[in-house]
Amino acid sequence: MAGAAPVDGPELDPWQDTRPLSSNILPNGSNLSADDYHPNDMPLSLNGAHHSPNENTKAELRQMHSYSDDKNASDTGYVDPENAGHESESSEEDDDEEGEEDDVEGEDEEGEDDYEDEDEDEEEEEDEPTLKYERMSGAINDLLKKDSASALAVSNNLLALGTHNGIVHIVDLTGKRIKSYKPHQASVSDTEFDSTADFVATASIDGQVVIQSLSTHESYMFDMKRPIRTVALEPNFAKKSTRSFVCGGMAGTLVLREKGWLGHKETVLHSGEGPVWHVRWRERLIAWANDSGVKIYDTQSQMRITFIERPADSPRADLFKCTLHWQDDTTLLIGWADHITIARIRERPYTATASGSSNQPPFIVEITAAFKLDCMISGIVSNSLSMPGSQDESSVQDKTPSSFLILAYQAPDTYGDEMTEDRARQARKTAERPELRIISHTGEELSADALGVTNYQAWSCNDYLLAVVDGSNSPGKSGRCHVVISPKDIVIVRPRDRKDHILWLVDHQRYEEALEEVEKLDEDECSADGDQTEISPIAIGERYIRYLVAEGNFAKAASLCPTVCSTDVERWENWIFVFAQSQQLQAIIPFVPTEAPQLGHLVYEMILAHFLVHDMQSLMRTIKEWPKSIYDVSAVIVAVQAELDRSPSSSSSRSLPAPDAVILMECLAELYTANRQYGKALPFFLRLRRQNVFELIREHNLFTDVKDQVLLLIEFDQELLETRKQEGTEAEASSSEAIALLVDHIHSIPIVRVVQQLRDRPFYLFLYLDALFKKDPQLGFEFADLQVTLFAEFAIHRLIDYLRASTSYNLEAAYNECKNRDLVTEMVFLLGRMGNNKKALTLIIERLGDVHMAIEFAKEQSDDDLWEDLLKYSETRPTFIRGLLENVGAEIDPIRLIRRIKNGLEIPGLKEALIKILHDFHLQISLLEGCQTILNGDSSDLAKTRSKGQNSGFFMKSRMICVLCMQPLQQSPQDLLLLFLCHHVVHASCIDGMADIYNHEEPSEGISVLASGVSAKIAL
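Okay, so the sequence shown: first residue is 1 according to UniProt numbering, each after it adds one.
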């Protein structure tokens, strides 16, 4: 054999696709997570099958519960009966093409047997299962569709899966692919991890052994020239420099290779007894199996310590493999064909004879047990999984295992039909389902479960593998478990714990017991699987509710809903619809949540519809209490409005009681308000006489909606005013809130539309136009004539004020209106405005006889002819004469009036009138004299001030010059100088050139003005 040297990792990794498989890459293009992988994506579901127990077995075979990779059932072996049919159909649709017809036929036949067995055992209490099964999901399913598993190695949380295409996949217990590489060109016959799970050794029928590091590029490849069937690494391989391993195969030799200074050294431990089928290395002991039997070798003493002969009459070793499993450092389990052998290794007792003999091995081996079974053994491991009703799993694992777990294979009978002429019976017999059995150390079969793996009819004994996984560091589910593989499936086997016991109770409708058991679970137990759904009180309670509903106990079922449904919206809705379909909606309505969680709007609308038909009081109360966001308000509005329209009260009939119609209007007002349709709610508020209607209009700007409800709004407001009057509160019609609202929002509520609606209610129209005029006289100018009529009818005392303030009305029409109503004062004003002053004055004199009014009218008109007419009309009327004398002023000369008095005309109060006139004139004279005195005094004072200013002295400097000759002024003390009022100083001798004096500015220096306004003066 050629020596081997370390080879770089990339050169030994021909399959380059080593990327980890993400959880979103699943079969059939699914985007579900690996935990949510549905059984529809699998070729077959793992359905257990009954079979008759062997006569030697003491434990009754139990049907293994159907299980799937569904998240809610994968850990428990439980499938919801409601979904069982669907899953079965989906499973059959996704079967692989190979062997599909055989699978279906086999399942049908076995299914009939199952039903018969179930019917027979109905009267007996069903025993609780021992184990639970879970098909590994994730990327591995896709990989096994294109390839087949041929070898398996396990660590505490990883699996190394070898395939017939020479590929090695490293996956975790969830099925997630960590790494893949292709070390061989043919089938991988055996794989093994080292103790650190860093190195993976693989053997192949291509004659090569490859040891690959998973964390570094370190790798080794050895070409053994002949097909290799098995390989084993030395303990602590990664920590030792020798990098030793042992392998064997069809060459019939067991080779130990270890690394030295000059390369790998090869040592043949055994040869010449046929192919080496299996080898396993534990501490210092190496056990291997060939055609002769099983041998154990001590690496320290380099001696073979025992030989266990192959059982007599055993079938061919290449068809029914030997399985070696070290239960511990001193116990070897051997499963070969249909035999189990337990070998215990002990140190050889020290004796003088033994010490003197150096060729004695240091250990002796004793066979502690041997069994023959009714099946072939595909795998054997020690069983530390707890049994139902036993202690906790953790405590059991710490003790020495008391049983074995074997993967049993029922070999088909290939000889019974050899002589038959029926070709169908001569055809190759299909295999039975593999079984997972628990065998005690005494040989008692404790349990047996049949596994429905994919295409099991085509597999042989050597196609199945069984391994034990510590699993303490695996993500998600923890604890010891076992792995069963077939070419197309990987099944995880776990013990049934208290949670599974609870689910079993639930499955058998023992809900009270199940709820009691749930209370005993602590938080760690609940979260051990990472999935508390199936073991939570909620899930059990839901099953309980379903049971109560089936029994017709709706009241108790409804009371459980808050606890069971909690915040699960979908669960709440499902149960509410169940109650509704059972005509028991009223039982669950008190428990329906409106928040945390908030259900779908359809649920709440269904409840409101129930109230609409059966209880309108509850409908109104519910609408007011429930948040409006939880249901479709528009849909409820349509339903309530339809009910109100159908009610005879809406058509003035009396069939429907008035309270119901009021309730419906209350509901509609509340709903429209909640739906922000305040305009549509307004008519109902008005009909219901809600006092907050004006706040509603202003708050939500409903002025455009009011424009067609003006009359109804004002009527409602007037009713409020009447109510206040009856209660003793002072209120005036002019303080109408409705009128104020209409006037303040004329842009949204057009004046014309308001007037049209109030034509038939003149008083309301008067109030509106009056308020409009007070705000702005120009707003209702087009209705001024109408307003004159309304003032004349409802507020005659204010008509004159309106006539004076407004200029928009028709004077002639207004006059006619006043004339018809004999309103003299208003007629006088209108005649004066029309220019018919004489007629107006005539009315004052003849109809009113009011001299003061006549005088004021004449003053307003400022017409001399009108004064003349007034004087003329007064000549024969003493009262008017006296009034004119008492009110004479600048407009009329008293002399003119006195001269018009006829002789002999008796005028009462004439003396007093004349005295008043004289007194007024005397007062005017006194005022004029006083004013004259004041004017004279002011003139005198101003004259004195001017004189003083002109006669005051003027000082000058020696450097000043004459503005005429431009010579210095003081050439000689005898020179005569002239000073003008303009402050120019010149020589008197230069006066002849007065015409040449230019408009000289006031000197900037040399002249100091001591007084203002000085007169012309000569100063030297």
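Ideal Cβ positions, reconstructed from N, Cα and C, are used throughout, including at glycine. All values derive from a computational prediction rather than experimental measurement.
Relative to Lys132, the option among Ala289, Ala139, Ser447 whose CA is nearest is Ser447. A distance below 8 Å separates the beta carbons of Ala251 and Arg226. In this structure, the CA atom of Val231 is about 49 Å from the CA atom of Ala514. In terms of CA proximity to Lys957, Leu969 leads the group Leu969, Cys965, Asn951, Gly949. Counting other Cβ atoms within 10 Å of its Cβ, Phe783 reaches 16 or more and is therefore classed as buried.
In the DSSP secondary-structure assignment, Val469 is bridged to Cys481. Rounded to the nearest whole angstrom, the C-alpha separation of Ile714 and Leu741 is 10 Å. Per DSSP, Gly832 is one residue of the alpha helix (DSSP H) stretching across 824-834.
Cα atoms of Glu856 and Gly832: separation of roughly 12 Å, rounded to the nearest angstrom. The beta carbon of Leu664 sits closer than 8 Å to the beta carbons of Met616, Val640, Glu643, Leu644, Ser647 from its chain, once the five residues preceding and following it are set aside; these are given in chain order. Shortest Cα-Cα distance from Val468 to any of Leu790, Ile380, Asp298, Glu826 involves Ile380. Residue state for Trp261 is assigned as coil, using DSSP reduced to three classes. For Phe766, same chain residues with a beta-carbon under 6 Å away, outside a window of 5 residues either side, are Leu790, Phe794 in chain order. DSSP places Glu283 outside both helix and strand once states are collapsed to three, so it counts as coil.
In the structure shown, the three-state DSSP call for Arg346 is strand.
The beta carbon of Gly166 sits closer than 8 Å to those of Lys182, Pro183, His184, Gln185, Ala186, Ser187, Val188, Ser204, Asp206, all from its chain and outside the five residues before and after it, given in chain order. Collapsing the DSSP output to three states places Gly780 in coil. Close CB contacts of Leu772 within its chain, under the 6 Å cut and outside five residues either way in sequence, are with Val743, Leu779, Gly780 (chain order). In this structure, the beta-carbon distance from Asn236 to Ser195 falls below 8 Å. Closest option to Glu570, judged by alpha-carbon separation, among Gln598, Ala550, Ala557, Ile588: Gln598. Beta-bridge partners assigned by DSSP to Ile492: Glu134, Val483. Going by DSSP, Glu366 is part of the beta strand (DSSP E) stretching over 363-372. Asp801 and Lys775 have their C-alpha atoms spaced approximately 15 Å apart. Under the three-state reduction of DSSP, Ile535 is assigned to coil, being neither helix nor strand.
Excluding sequence positions up to five before and after Ser148, its CB lies within less than 7 Å of the CB of Thr163, His164, Pro487, Lys488, all in the same chain and listed in chain order. The C-beta of Asn936 has fewer than 16 other C-beta atoms within 10 Å across all chains shown, which makes the residue exposed.
The criterion of a C-beta distance shorter than 8 Å is not satisfied by Leu144 and Asn157. Taken through DSSP and simplified to helix, strand or coil, Lys948 comes out as helix. With contacts defined as CB atoms closer than 8 Å, Phe579 and Ala609 fail to qualify as a contacting pair. Looking at the backbone, the Cα of Gly272 and that of Ser314 are separated by about 20 Å. Under the DSSP definition of a beta bridge, Asp172 partners with Leu158. Note that the C-beta distance between Ile485 and Arg437 is not below 8 Å.
Within the DSSP secondary-structure output, Lys725 pairs in no beta bridge. Assigned with DSSP and collapsed to three states, Ala550 falls in helix. For Asp142, the enclosing alpha helix (DSSP H) starts and ends at 139-146. Gln691 is positioned such that its CB atom lies closer than 8 Å to that of Leu720.
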